[in-house]
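**Q** Numbering (the numbering used here), first residue to last: 2 to 169.
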Ligand SMILES: [Fe+2]
Ligand SMILES: [Fe+2]
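#1: Helix, strand or coil for residue 74 per DSSP?
#2: Could you tell me the alpha carbon to alpha carbon distance between residue 11 and residue 78, rounded to whole angstroms?
#3: Mind checking whether residue 64 and residue 27 have CB atoms under 8 angstroms apart?
#4: For the candidate residues 13, 56, 8, 44, whose alpha-carbon lies nearest to that of residue 30?
#5: Report back the beta-carbon spacing between residue 61 and residue 20 to the nearest angstrom; my notes put them in contact at under 8 angstroms.
#6: Would residue 75 pass as a contact of residue 54 if the rule is Cβ separation under 8 angstroms?
#7: Residue 118 and residue 140 - do their beta-carbons sit closer together than 8 angstroms?
#8: Consider the C-beta atom of residue 30 and the heavy atoms of ligand 1; say whether any pair is separated by less than 7 angstroms.
#9: For residue 104, collect the residues of the same chain with a Cβ closer than 7 angstroms to its Cβ; drop the 5 residues on either side in sequence, then sort them by chain order.
#10: Since I believe residue 44 is in contact with residue 111 (beta carbons under 8 angstroms), could you give me their beta-carbon distance rounded to a whole number of angstroms?
#11: Quick check on residue 85: buried or exposed, where buried means 16 or more other Cβ atoms within 10 Å of its Cβ?
#12: Quick check: the Cα distance between residue 115 and residue 148, rounded to an integer number of angstroms?
#13: Would you kindly work out how many angstroms separate the C-alpha atoms of residue 136 and residue 126, rounded to a whole number?
#14: Under 8 angstroms, do residue 157 and residue 107 count as touching if we go by C-beta distance?
#15: Please classify residue 120 as buried or exposed, where buried requires at least 16 other C-beta atoms within 10 Å of its C-beta.
What follows is the structure, given as structure tokens:
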């Protein structure tokens, strides 16, 4: 991380800053998932959130490994994007009747996973361009896991919407 008041001047420093923001993103999600699990009503959704918490712990470890491969210390750059998604989810949960919690949670999960996919795709393109194949491999593991979670959340969201449409 550059010294206080100094600017990031190299692509490598910028990359480390972006990796640090990804690490903050994953740690923030790790804090969010148990709260979402508490609010979730459907057992299948609770189980999926619990599983993704374990996967997110692995995402954190993979990012720490990436820092090690690059010979740098893990960085805690801020990630305002994930804070925004967290705030939106929390405020919407307060607004709705409990019967709509799963709907709110699944929408938030889809948006979060899309964001994570975008973050990892961007980091992978740059790592590949830098010739850092070890970094590409680790980040690709995270990307694959986020893509699977996204597909699963979209499917659950669709099933929920269909069930509600049928019930009307
Ligand atoms: Fe993740
Ligand atoms: Fe995720």
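Cβ atoms here follow ideal geometry from the backbone N, Cα and C, with glycine treated the same way.
**A** From the atom records:
#1: coil
#2: 16 angstroms
#3: yes
#4: 56
#5: Wrong, their Cβ atoms sit about 12 angstroms apart, outside the cutoff.
#6: no
#7: no
#8: yes
#9: 161
#10: Not really, about 20 angstroms apart at Cβ, beyond 8 angstroms.
#11: exposed
#12: 8 angstroms
#13: 11 angstroms
#14: yes
#15: buried
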